[in-house]
Every structure is written in structure tokens, then in C-alpha cells.
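Just below is one structure, and these are the notes that go with it.
There are 2 protein chains.
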Amino acid sequence: MKADICEIFGIKYPIFQGGMAWISDWSLASAVTNAGGLGIIAAGNAPAEYVRDQIIRTREQVGGKPFAVNIMLLSPFCDDIAQLVIDEKVPVVVTGAGVPKHMAKWIEAGIKVVPVVPSTAIAKLVARMGAAAVVAEGGEAGGHVGDTGTMALVPQVCDAVDIPVLAAGGIGDGRGIAAAFMLGASGVQVGTRFLVATECTIHENYKKKIIKASDISTMTTGNSLGHPVRALKTAFTRQFLANERNPDMTLEEVEAFGAGALRMAAVDGDDKNGCFMSGQICGLVTREQSCADIIQEMFSEADDLLRGASKWVK
Amino acid sequence: MKADICEIFGIKYPIFQGGMAWISDWSLASAVTNAGGLGIIAAGNAPAEYVRDQIIRTREQVGGKPFAVNIMLLSPFCDDIAQLVIDEKVPVVVTGAGVPKHMAKWIEAGIKVVPVVPSTAIAKLVARMGAAAVVAEGGEAGGHVGDTGTMALVPQVCDAVDIPVLAAGGIGDGRGIAAAFMLGASGVQVGTRFLVATECTIHENYKKKIIKASDISTMTTGNSLGHPVRALKTAFTRQFLANERNPDMTLEEVEAFGAGALRMAAVDGDDKNGCFMSGQICGLVTREQSCADIIQEMFSEADDLLRGASKWVK
Numbered sequence: 013m014k015a016d017i018c019e020i021f022g023i024k025y026p027i028f029q030g031g032m033a034w035i036s037d038w039s040l041a042s043a044v045t046n047a048g049g050l051g052i053i054a055a056g057n058a059p060a061e062y063v064r065d066q067i068i069r070t071r072e073q074v075g076g077k078p079f080a081v082n083i084m085l086l087s088p089f090c091d092d093i094a095q096l097v098i099d100e101k102v103p104v105v106v107t108g109a110g111v112p113k114h115m116a117k118w119i120e121a122g123i124k125v126v127p128v129v130p131s132t133a134i135a136k137l138v139a140r141m142g143a144a145a146v147v148a149e150g151g152e153a154g155g156h157v158g159d160t161g162t163m164a165l166v167p168q169v170c171d172a173v174d175i176p177v178l179a180a181g182g183i184g185d186g187r188g189i190a191a192a193f194m195l196g197a198s199g200v201q202v203g204t205r206f207l208v209a210t211e212c213t214i215h216e217n218y219k220k221k222i223i224k225a226s227d228i229s230t231m232t233t234g235n236s237l238g239h240p241v242r243a244l245k246t247a248f249t250r251q252f253l254a255n256e257r258n259p260d261m262t263l264e265e266v267e268a269f270g271a272g273a274l275r276m277a278a279v280d281g282d283d284k285n286g287c288f289m290s291g292q293i294c295g296l297v298t299r300e301q302s303c304a305d306i307i308q309e310m311f312s313e314a315d316d317l318l319r320g321a322s323k324w325v326k
Numbered sequence: 013m014k015a016d017i018c019e020i021f022g023i024k025y026p027i028f029q030g031g032m033a034w035i036s037d038w039s040l041a042s043a044v045t046n047a048g049g050l051g052i053i054a055a056g057n058a059p060a061e062y063v064r065d066q067i068i069r070t071r072e073q074v075g076g077k078p079f080a081v082n083i084m085l086l087s088p089f090c091d092d093i094a095q096l097v098i099d100e101k102v103p104v105v106v107t108g109a110g111v112p113k114h115m116a117k118w119i120e121a122g123i124k125v126v127p128v129v130p131s132t133a134i135a136k137l138v139a140r141m142g143a144a145a146v147v148a149e150g151g152e153a154g155g156h157v158g159d160t161g162t163m164a165l166v167p168q169v170c171d172a173v174d175i176p177v178l179a180a181g182g183i184g185d186g187r188g189i190a191a192a193f194m195l196g197a198s199g200v201q202v203g204t205r206f207l208v209a210t211e212c213t214i215h216e217n218y219k220k221k222i223i224k225a226s227d228i229s230t231m232t233t234g235n236s237l238g239h240p241v242r243a244l245k246t247a248f249t250r251q252f253l254a255n256e257r258n259p260d261m262t263l264e265e266v267e268a269f270g271a272g273a274l275r276m277a278a279v280d281g282d283d284k285n286g287c288f289m290s291g292q293i294c295g296l297v298t299r300e301q302s303c304a305d306i307i308q309e310m311f312s313e314a315d316d317l318l319r320g321a322s323k324w325v326k
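One line per chain: the protein sequences are A and B, in this order. Numbered according to our numbering, the first sequence spans residues 13 to 326. Numbered according to our numbering, the second sequence spans residues 13 to 326.
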């Protein structure tokens, strides 16, 4: 059975844009929604007022078309934003980094909830709690990541739950989309490729770094803190790793060193102090394009592969 | 263009069986070759005499059908085995963990060389050196692994080289095979699923552990030594990790702690001291089957998916 992500979420293409803190604002989210995908505003650690403003601006651009808010469950403003999405009648909520305690309330308010999950155990838990779908995100992804790779995670999550699964992590072109369908997913979530979208408002330095990056340009930091983050290898990530290995630094000191680094990358393009989140697929990303061009190109490539797939039949 | 792995290597199904030290012996290799894949004898750290014996026994089982020897380039017996495969006219050599310095000599002797690569840079290097194909192995795999996940690695390696690419890491059923084709690979290498093959001679405890394992049952150790190894989480891996983090232990002491652990898992099934190598796809492996059944089932599943792939066209 082909689960229809497009029908469930009211979108043209079964693609979600990743909720990336300091990056996924109204500009990117509305461009993705207007291009036929599901645009997602990342709440990150921002206060509710900021997120409300982003929702209003997104609505100005997309009219009645669907979009989502990605709520980071570790945010100090998580409770406020959990209420905000209800008040603002946001159609879809995507959650990351934990199990969403507000889920019953959201579902009661008619919101479709799509948790990003790193394992079959969490997928099963949120499916029982009423999730509309899950994003099975492999360790190839940028930002906060789990340990299991997409190729291993997606089929195992598909076997574990009865709700639709979107694949994320390592998907940068039509090959990744077609592969995701073969693994059992009904759609994809893509982050890194949208970093270089024309409508993505990050600093030009950030986009240049992504375009220049290769398959081995990323690393994870924060493993010792229990929440690894994948980003481009830079002076910042090397220093962060050195701090983690420094027995004279407390975990709090290590954590404090990273404060503000995402903003310094996204807003200031700060080579030295910024943390430039990226997935391992960055080596495939070679030029800036509009969200509409990115989505149409990816699905056109996927369609060609899927139409020709029978040539591989033994 | 569809690269024909079957034609190049003289096999029926485009599947290599992973070369796993202490595991991939004549029994497993010959069963895979007789089932239509490419069986591979793992030389591991064993001396040339052992490998010669394995080659002779494999030939007794497969007659003139092709098989390979996997040469671990870090082995103390690497030079001896490099000559042995020439003397024994082994048709295919697969190499892991480094750049094969004996490559020109092998190619001159008519041997097809297939390096396992963790990055586009090494793929390009071995392609220039005359490799017949590469195995792009993602970090989901068991044993010695790189950092990049299969979903991100395979398309980037396919773009980087003109020779055929086999995908490895996270492939345990037909979904993985079909996905690998979509990513641009012309075939697959599978390790973990063959651990539970009837013809695999490892200890019964090892097979039971694989069958019981879930998506989060593995971890990597040895990161601080520069050569991470993925295995099932056990008392051994936890202690190895603790040793790595112990500032009072030298790298040599940490390394010495792991000596013999693969043998203790494969031969003795030793719960406490063994290192049970496994890929992240172990959660999909649910029963013992013959190599022929495994291969036929995997390709039958893949064929169904590939035939039906056009239903996903947008």
C-alpha cells in the first residue's frame, strides 16, 4: 500500500523541509510551501513571540496552504510554543529531540503531529500516542542526530509502525528520494539542500561553505553531552571536540562554549565562531536555486529513476 | 547506463558477501558462490597457510566458479597473502582499511581488484590505480567502518568515479538492494544477513544474538585508535569504550585489550569477552536460512519493489 503523504498533509510533493534553528524562517518555509512541499518554521530556542511573528509572515505568503512549526522539545520556551501552535491553528507540528508531552493536546486541537525519530522504540511510542506520521532521521543528517544510518533505520522503522514514514538524512537529490521509496518510506524530509535555496536567508558565507563541501566535510560534536550535532568541520567544531576531551572542563563549560554558535553561523557567517550545521550529503549540493527549482529537479530525477527501475529486475 | 556486475564478475546475482575476519571461511564463501553471488574468504590477520587452505577448500566446493579473498591491509601477513592470491590465481581480491599497495601487481596477474572505500577521495584514488569496481561502505556496516552513511556516501562515490559501485552498509533485505540501485550502485555487499546463514560456521550464541538484536543494538569502539569497529553492545564493547576514555591507559593497552576478541565471539561464542561484529541492519535479521534462500529472497523482494516503482512517480 502506498501511503499518500500528499493527501494526508495537503501538499503536491511528498517532501518536508527540515526545521533548522536560526535558518528555517518564514522566508524559507513559505517558499517551500508555495513550491508544493511542506514548509517548516523552526522554533529552535526562540521565544513564542518570535515564532508567532514567523507564523503570521508565513501565512501572508502562503494563504491557506499548509505549513508546520518544528518545536524543539529542549527549548526553554517549549510550553509557550506548544500553546501558541494551538492558538494559531498551525496545521502540522514536527517535533525533535525527545518525546512530545503536549501531543494529546495538539491532536485534540486538530493538529497533525510528526515526530522526528532516531529509533524504532521511539517510533513505536509516538505512533501509539497518535502521531500522523514519523520522520525516520538517520545519522547522516545535519543538526541534532541519532546514531543509526538512514539505510538501516528507515526499513526497520517501517516494519515497526503502521503510520507513514518519511525518510531523512543523506537525501540531496532524486536518487535519495527514489531510494527512500524503495526502503519503504512514503516521503522525505530534506534539510541541507535547502540551505542554499535562494529564499534561505542565511549568510552568504554559509551557502558558499555548503557548496564547497565534500562527503567528508562534516563531523559530530556533543557526543559526550548526550546530544550529538552534525556540522561542517571548522575551527569551532575542532575546538568544541578538544573541549569535550579536556578533563579540566566541566560539561557545563563545554555546553556554554557552544552558546550562540548557530546564530553566529546563520546570521553573521562567522568563520571562526560559527557552527555551520550540515548533513553528509553536502558534497552533492553544488549551486543556489529557488525552492521551486530544487523540488522540481529532485522529483524529476526521482521520477526518471522510478520509471526505469524495472531494468534492474533480475 | 546499467553497469553489469554479473557480467564483470561472472556471477548470477550482483551481490558480494562481506569479508568478515574469523567468519567468512570456505564454508560461507563457497555457499554464497554456489548460490550465485560472490563468496569472499576473509584473510583477516591469519597467516598465508590458513588462507591457502581456505582457497583450496573453497575451490573443492565451487569448481571453476568465481570467489574472492578479502585482504586486510593492516594484517601482519599482508605481503605474504598478496603473493598467495597471485600464486593461487584467485579471480577477485577485495581490500579493506587502506590503499592497496600491491594493486598493480595483482592487476598485472589478471586479478580484479575491488577496494572497500569510505569516501570519494579514496574511491577516486583506487579508480585511477585500476580498480575493477569499488564497494562504497557506509558507517551502518559491521566491523571496520567509516563515518559517512550509506545514503550519503553511495551517490557521492557514484558521481566521483567511472567504475561500477557496489553499496554496502545497512542492506539486509530486498528494500536495501532496490534502494542501492536507485542511489546509483550496480550491486551490493552484504555481511550481517549472512552471519545467520546455515553455512556460516560461527558459534550458535553469535547467531542468536544477531537474531535477537534491534536497530540500536550496535555501537562503535576504537574511535580514539583511528579505526572504529561496529559490533553488538556487550560487556566487552562497554569495557573497551571505558578503557578508551580512561586517561591512565595508553593506546597500546587499549588496543591489547581487544586482542582475540573476534575469535572469542566467532569461535567460542564468549558472551563476556567476545566482540560480536554486526551492522545496524541486524534488527531486520530474524532467522537462520541457507545462503541460497537468503539471496533468492532478497532479490525476489527487490524485483517486486523495482517492478512496482513507477507507482511512486509524481
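Each residue gets a CB set at the ideal place from its N, CA and C atoms; glycine is no exception.
Hey, how far is the Cα of residue i from the Cα of residue j?
i	j	result
S39 of chain B	G30 of chain B	14 Å
A180 of chain A	I68 of chain B	46 Å
M13 of chain B	Q301 of chain B	The predicted model places M13 of chain B with a pLDDT of 48, which falls under 50 and marks its position as unreliable, so this point remains unresolved.
G234 of chain B	T132 of chain A	26 Å
N46 of chain A	V104 of chain A	16 Å
L317 of chain B	A209 of chain B	24 Å
Y25 of chain B	Y25 of chain A	34 Å
I306 of chain A	F206 of chain B	39 Å
F252 of chain B	G110 of chain B	23 Å
E120 of chain B	V106 of chain A	57 Å
D315 of chain A	D65 of chain A	37 Å
P78 of chain B	L263 of chain A	54 Å
H215 of chain B	V102 of chain B	28 Å
G76 of chain B	C170 of chain A	41 Å
K117 of chain A	I83 of chain A	14 Å
Check whether the Cβ atoms of residue i and residue j sit closer than 9 Å, and answer yes or no.
i	j	result
V63 of chain A	L86 of chain A	no
T246 of chain A	D283 of chain A	yes
G199 of chain A	F28 of chain A	yes
G291 of chain B	T230 of chain B	yes
V146 of chain B	V138 of chain B	yes
M211 of chain A	C294 of chain A	Reading off the sequence, residue 211 of chain A comes out as Glu, not Met. For E211 of chain A and C294 of chain A, no; Cβs fall outside 9 Å.
G188 of chain A	L178 of chain B	no
Compare the C-alpha of residue i against each of the options and name the closest.
i	options	result
G286 of chain B	B:A271, B:V129, B:S322	B:A271
T298 of chain A	A:G161, A:K224, A:T107	A:K224
V128 of chain A	A:G184, A:I52, A:G75, A:F193	A:I52
G203 of chain B	B:R242, B:N217, B:T232	B:R242
R140 of chain A	A:K221, A:P112, A:E19	A:P112
A190 of chain A	B:K323, B:N82, B:I123, B:T232	B:K323
F311 of chain B	B:G186, B:M289, B:C18	B:G186
N217 of chain A	A:H239, A:D16, A:G48, A:L244	A:L244
K220 of chain B	B:A278, B:E267, B:G184, B:P130	B:A278
M32 of chain A	A:G154, A:D92, A:D99	A:G154
Could you please give the first and the last residue of the uninterrupted alpha helix (DSSP H) stretch that includes residue i?
i	result
G46 of chain B	A small fix is needed here, since residue 46 of chain B is Asn in this sequence, not Gly. 38-46 is the extent of the alpha helix (DSSP H) around N46 of chain B.
G186 of chain A	186-195
R69 of chain A	60-74
T162 of chain B	162-172
T204 of chain B	204-207
L263 of chain B	263-269
R275 of chain A	273-278
9 Å is my cut-off, CB to CB: does residue i come that close to chain A?
i	result
I228 of chain B	yes
Q292 of chain B	yes
T45 of chain B	no
A143 of chain B	no
D92 of chain B	no
Q29 of chain B	no
E152 of chain B	yes
First and last residue of the beta strand (DSSP E) that includes residue i?
i	result
E152 of chain B	Taken as a continuous stretch (DSSP letters only), E152 of chain B belongs to no beta strand (DSSP E), as it is neither H nor E.
L318 of chain A	From DSSP, L318 of chain A is part of no beta strand (DSSP E) but of the alpha helix (DSSP H) over 303-319.
Is there a Cβ from chain B that is less than 9 Å from the Cβ of residue i?
i	result
G49 of chain A	no
Y62 of chain A	no
L137 of chain A	no
K117 of chain A	no
M289 of chain A	no
G155 of chain A	no
G279 of chain A	Here the sequence assigns Val to residue 279 of chain A, which means Gly is not the residue at that position. Answer no: the Cβ-Cβ gap between V279 of chain A and chain B never drops below 9 Å.
M276 of chain A	no
R299 of chain A	no
Listing by chain order, which chain E residues have their CB less than 9 Å from the CB of residue i?
i	result
I183 of chain B	Considering every chain present, this structure includes no chain E. Its protein chains are A and B.
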